[in-house]
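Beneath this line is the structure, given in structure tokens, with notes to follow.
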Amino acid sequence: MAIFGSLPTVRAQCAGFSNFDAAFAYLDELARAGSEARRRLEALAPGESARIELAGGMYAMEQVYQTKARPDGFFESHRRFIDVQVVLAGEELMEVAEIGRLPVRVDYDETKDVILYRDFAGASVLRFQAGEAGVYFPVDGHMPGLRSGAEPRLVRKTVVKVPVPA
Numbered sequence: 001m002a003i004f005g006s007l008p009t010v011r012a013q014c015a016g017f018s019n020f021d022a023a024f025a026y027l028d029e030l031a032r033a034g035s036e037a038r039r040r041l042e043a044l045a046p047g048e049s050a051r052i053e054l055a056g057g058m059y060a061m062e063q064v065y066q067t068k069a070r071p072d073g074f075f076e077s078h079r080r081f082i083d084v085q086v087v088l089a090g091e092e093l094m095e096v097a098e099i100g101r102l103p104v105r106v107d108y109d110e111t112k113d114v115i116l117y118r119d120f121a122g123a124s125v126l127r128f129q130a131g132e133a134g135v136y137f138p139v140d141g142h143m144p145g146l147r148s149g150a151e152p153r154l155v156r157k158t159v160v161k162v163p164v165p166a
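If you read the sequence shown in this note's numbering, its first letter stands for residue 1, the second for the next number, and so on.
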């Protein structure tokens, strides 16, 4: 099931999994004020994203967006990649539920590595603030990018796509 907490806590919980090494090296750079990676993320305008290639078949999607109302969200999961979602500025809610509990809305799309699910009222709700991360495995349906209050908030975050070990 998903892992959630501060970036150092999530890193400690993923210790021993060598397939996460490049992800945490990239996240260390991104978290460092003034680094090239941090400047790149801060330069993105709202609504923009950038794909950053990492080692070992990993990549990151750096994103800047306004959080959305829950009715505009959707649950998704992936088969080939583990998501490491890290909020670097702003705040958002994410919901998570085991995929066995979620009714499928759109079957697996291999080209996008995504399954979409219908709404589910029994999910756990997590509040992410700057410096917090979530790790979503293939069994974790997740709905990111949700408002934490009545008004949208600007979020700067990255999603590292870590290949599922064979």
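Note that CB positions come from ideal geometry on N, CA and C, so glycine has one too.
Model, not experiment: these values are computed from the prediction.
With 16 other Cβ atoms within 10 Å as the buried cut-off, status of residue i
i: Q129; result: exposed
i: G149; result: exposed
i: L41; result: buried
i: E36; result: exposed
Rounded straight-line distance, which links the Cα of residue j to that of residue i
i: A31; j: A121; result: 34 Å
i: G16; j: G73; result: 34 Å
i: L7; j: L88; result: 10 Å
i: A97; j: S18; result: 26 Å
i: T67; j: G47; result: 11 Å
i: R153; j: L126; result: 16 Å
i: V10; j: A133; result: 7 Å
i: R156; j: G34; result: 15 Å
i: R39; j: T158; result: 13 Å
Beta-carbon contacts of residue i that lie in its chain and below 6 Å, excluding the five residues immediately before and after
i: G57; result: P163
i: Y136; result: A2, D83, H142
Nearest-angstrom beta carbon gap, residue j and residue i [assumed within contact, 8 Å]
i: L146; j: L93; result: 4 Å
Residues near residue i by beta carbon distance below 7 Å, same chain, minus five either side
i: Y59; result: R51, I52, E53, K161
i: L44; result: A50, E62, V64
Contact with chain C by residue i, beta-carbon distance below 8 Å
i: A55; result: Protein chain content of the structure displayed is limited to a single chain, and chain C is not contained in it.
Discussion item. For the segment 23 to 30 against the segment 108 to 126, do three or more pairs of beta-carbon atoms, one drawn from each stretch, fall closer than 8 Å, so that the two count as touching?
Written reply: no
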